[in-house]
Amino acid sequence: MILEDLGIHHKPVMIPEILKMLNVLPGGRFVDATLGESGHAKSILKASDPGGEILGIDADHEAIEVSKNRLTNFSDRTTIVNDNFKNIKRICMKENFIPCHGILFDLGVSSLQLDTEKRGFSFKRHDPLDMRFSYEQKLSAKDIINTFSEKELADIIFDFGEDRKARKIAEIIVNNRPLEYADELADLIKKGIKTSNFKIHPATKTFQAIRIYINEELSSLHKALDQSLDILGEGGRIAVISYHSLEDRIVKNFFKKESKYCICLPNITKCECNHKPKIKIITKKPLIASINELQDNRRSRSAKLRVAERIKNE
Ligand SMILES: C[S@@+](CC[C@H](N)C(=O)[O-])C[C@H]1O[C@@H](n2cnc3c(N)ncnc32)[C@H](O)[C@@H]1O
């Protein structure tokens with residue numbers, strides 16, 4: 001496999017915390033909804049030996065190829081599906097994986113995607129603007145950057161990058177089109193935007209925003225979280241690792257809503273809305289990586305882990 005030969009390795013974050021929080025035990029059945037390079041999946045397979053199973057899902061066909069290779073020794077206990085996790089319930093039904101003991105979401109991009117030629121996810125690389133998880137998606141970063149109006153671009157950068165300089169960045173982009181390459185866009189933003197924070201590249205939030213928009217990341221997460229409660233067996237756990245506040249807020253609010261009796265008004269224990277809690281929140285506050293991991297893996301610095309447990313429907 002070419003990518004393997006390139007030596008690109010994604011360092012999975014918070015492995016001990018995931019194994020503990022998902023209660024990974026021999027014979028357990030787990031869905032890894034963001035298989036990536038299967039770092040988490042491999043650890044779960046080892047910890048659930050003998051008899052543990054993984055259903056791994058990823059929208060990215062390159063991640064699927066790498067994982068198929070990496071997990072050959074576990075092929076009798078692994079099912080791998082190239083699809084979007086917004087279809088998680090349909091996938092699990094098809095693969096006869098309901099109920100399961102745990103579901104993991106490790107959101108965002110992998111090192112494989114950031115460091116692989118031609119994907120256009122990294123502002124450091126001279127790669128064509130692309131950023132699609134799956135080539136089945138029609139819209140690429142190049143289309144958005146070169147054809148969307150200044151207002152549309154500003155809205156995307158503000159809504160999905162939470163960048164207060166969104167308007168200025170959109171103006172710079174529109175005045176310098178057409179743009180072809182990821183590093184070209186990054187350099188342009190760097191030249192045009194004054195910043196006092198020299199630790200973060202001024203194009204970081206623009207790249208995040210465009211990637212989220214193209215891959216419909218937030219709406220896919222909403223859909224998958226909703227469906228995941230129909231997949232988990234009683235006592236089964238859902239663990240979500242997020243890397244920015246937009247994702248974390250969605251997970252936090254979803255857990256809050258699904259652990260309540262009433263979604264009409266706060267502080268009421270029962271009312272006519274007939275909403276019943278489906279989960280118990282395990283992590284009142286999100287867990288973060290250990291000091292050792294924070295020093296060892298840069299990506300872990302922004303990781304936040306939230307966990308909830310499926311309870312019996314009343
Ligand atoms: C941070 S990486 C996961 C890394 C993985 N846990 C590991 O240990 O190698 C995120 C992965 O999720 C995938 N992904 C993101 N959004 C997705 C979606 N809506 N459906 C399916 N896969 C998605 C990406 O393609 C990427 O491979």
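According to the numbering used here, numbering within the sequence shown proceeds without interruption in unit steps and concludes at 314.
Idealized CB from N, CA, C, for every residue including glycine.
For the beta strand (DSSP E) containing Asn-69, name the first residue and the last one. It is not in any beta strand (DSSP E) - Asn-69 instead sits in the alpha helix (DSSP H) that spans 61–70.
Anyone know if the C-beta pair for His-40 and Asp-49 falls short of 8 angstroms? Contact: no.
On the DSSP letters alone, give me the boundaries of the alpha helix (DSSP H) that Cys-100 sits inside. Element bounds for Cys-100: not the alpha helix (DSSP H) but the beta strand (DSSP E), 100–106.
Determine the burial state of Cys-273: buried for a count of at least 16 other Cβ atoms within 10 Å of its Cβ, exposed for fewer. Exposed, because fewer than 16 other Cβ atoms sit within 10 Å of the Cβ of Cys-273.
Express the C-alpha separation of Val-174 and Ser-111 in angstroms, rounding to a whole number. 30 angstroms
Looking at C-alpha atoms only, which residue of Gly-233, Ile-15, Asp-187 and Asp-58 is the closest neighbour of Thr-206? Asp-187
Straight-line gap, Lys-194 to Leu-139 (C-alpha atoms, nearest Å): 30 angstroms
Spatial neighbours of Ala-63 in its chain, beta-carbon cut-off 7 angstroms, leaving aside the 5 residues before and after: Leu-35, Gly-36, Glu-37, Ser-110 and Leu-112
Does the beta-carbon distance from Ala-203 to Ile-189 come in below 8 angstroms? yes
Between the alpha carbons of Asn-82 and Ser-196, how many angstroms are there, rounded? 42 angstroms
Less than 7 angstroms between the CB of Leu-55 and some heavy atom of ligand 1, yes or no? no
In three-state terms, what does DSSP make of Asn-292? helix
Cβ-based burial, Glu-258 [other Cβ within 10 Å; buried from 16]: buried
Where DSSP assigns a beta bridge to Arg-306, which residues make up the other side? Val-240
Cβ pair count under 8 angstroms reaching 3, the region 114–121 against the region 241–250: no
Considering only residues of the same chain and omitting the five flanking positions on each side of Gln-227, which have a CB-CB separation below 6 angstroms? The beta carbon of Gln-227 sits closer than 6 angstroms to those of Ile-88 and Lys-89, all from its chain and outside the five residues before and after it, given in chain order.
Determine the direct distance from the alpha carbon of Phe-160 to that of Glu-217, and round the result to whole angstroms. 10 angstroms
In chain order, which beta strand (DSSP E) runs of at least 3 residues are fully inside the region 27–52? 29–32
Option in Asn-84, Glu-184, Arg-211 and Leu-232 with minimal Cα separation from Arg-29: Leu-232
What would DSSP say about Lys-151, mapped onto helix, strand or coil? helix
Where does Ile-200 sit, in a helix, a strand or coil, going by DSSP? coil
Which residues in the same chain have their Cβ closer than 6 angstroms to the Cβ of Pro-12, if we skip the five residues on either side of it in sequence? Closer than 6 angstroms at Cβ, skipping near neighbours: Gly-39 and His-40.
If I measure Cβ to Cβ from Tyr-181 and keep anything under 7 angstroms in the same chain, skipping five residues before and after, which residues do I get? So the qualifying residues of the chain are His-126, Asp-127, Pro-128 and Leu-129.
I need the DSSP call for Lys-168, collapsed to helix, strand or coil. Under the three-state reduction of DSSP, Lys-168 is assigned to helix.
Hey, Leu-305 and Glu-65 are a contact pair by Cβ (cut 8 angstroms); roughly how many whole angstroms apart? Not really, about 28 angstroms apart at Cβ, beyond 8 angstroms.
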